Amino acid sequence: MYSFAVVFVIFSLTFSPQLTHCRPNKLDDLIESTCKQTPNYNLCISSLQSDPRSSKATNVEGLGLQALDQCALNYGAILNGDIPQATEAFTKGDFKFAQQGSDDAANEANLCENEFTPSGSSPITQMNKDVHDVAVVTSSMAKMLLFAY
Numbered sequence: 001m002y003s004f005a006v007v008f009v010i011f012s013l014t015f016s017p018q019l020t021h022c023r024p025n026k027l028d029d030l031i032e033s034t035c036k037q038t039p040n041y042n043l044c045i046s047s048l049q050s051d052p053r054s055s056k057a058t059n060v061e062g063l064g065l066q067a068l069d070q071c072a073l074n075y076g077a078i079l080n081g082d083i084p085q086a087t088e089a090f091t092k093g094d095f096k097f098a099q100q101g102s103d104d105a106a107n108e109a110n111l112c113e114n115e116f117t118p119s120g121s122s123p124i125t126q127m128n129k130d131v132h133d134v135a136v137v138t139s140s141m142a143k144m145l146l147f148a149y
C-alpha cells in the first residue's frame, strides 16, 4: 500500500501541471485568436503570454493596451539606451557601436508595431515607421563610416 501511495504522489506531481496546462482557458483562447490575426503570430504569443499583466485582459482592447505598454518599454530602450549609445559612439568614432545602436532602435520600433493590433497597424504606425526609417538611415551612415576608415 505504501508503494502505491508513493507512485500516486509522484505521478500526480509529475503529470498534473501538464494536464492542467493542456486545458485552454478563456485568456489563452483570447490571446490565441487575437494573435492569429497579427502579422507576427509568434512574437504576439510570446510577448502576451510572458507578461503577467496580460492575465487582466478580458478582450482585444485589453490586449492592445498591454501591447501599447510593451511599446512604451521598447521606446524607453530606444530613448535611454540605443540613441545615447549611438550618439556616444558617433562622437568617439566607434562606428560599429553607432551602427549597432541604430539597428537596435530600428528593431525596437518594429517590435512595437508588430506587437500591437490584430489589424496589423497600431495607432502609432507612422511614428514607428519614422523611427525605424531614421534609425536605418543612421545605421547606414555608420556603416559607410566604418568602411571608410
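Each residue of the sequence shown is one higher than the one before, starting from 1 at the first, in this note's numbering.
Even glycine gets a Cβ: it sits at the ideal position worked out from N, Cα and C.
Quick caveat: nothing in here was measured; it's all calculated off a predicted structure.
Using a Cβ-Cβ cut-off of 7 Å (strictly less than) and excluding sequence neighbours within five positions of Y82, which residues of its own chain qualify?
The question names Tyr, yet the displayed sequence has Asp at residue 82. For D82, where only same-chain residues beyond five positions count, the Cβ hits under 7 Å are G101, D104, A105 and E108.
Would E61 be called buried (16 or more neighbouring beta carbons within 10 Å of its own) or exposed?
exposed
Buried versus exposed, by CB contacts within 10 Å (16 or more), T58:
Exposed, because fewer than 16 other Cβ atoms sit within 10 Å of the Cβ of T58.
Whose C-beta lies closer than 8 Å to the C-beta of Q70 among residues of the same chain, with five residues either side of it excluded?
Excluding sequence neighbours, Q70 sits near S47, D51, L111, C112 and E115.
Helix, strand or coil for P84 per DSSP?
helix
Could you check where the alpha helix (DSSP H) with G76 kicks off and where it finishes?
Per DSSP, G76 belongs to the alpha helix (DSSP H) from V60 to A77.
6 Å Cβ shell around L145 - same chain, five flanking residues per side excluded
F95
Is it right to say T138 is buried, meaning 16 or more other beta carbons lie within 10 angstroms of its own, or is it exposed?
buried
With N128 as the anchor, note down where its alpha helix (DSSP H) starts and where it stops.
T125 to A148
Between which two residues does the alpha helix (DSSP H) holding D150 run?
A question about residue 150 goes unanswered here, because the residues of the chain that appear run from 1 up to 149.
Within this structure, are the beta carbons of L30 and L68 separated by less than 8 Å?
no
For T91 and S122, I'd like the C-alpha separation in whole angstroms.
34 Å
Y75, buried or exposed, once every other Cβ within 10 Å from all chains shown has been counted against 16
With 16 or more other Cβ atoms within 10 Å, it is buried.
Taking 6 Å as the limit between beta carbons, can you name the residues of its chain near K129, skipping five residues before and five after?
none
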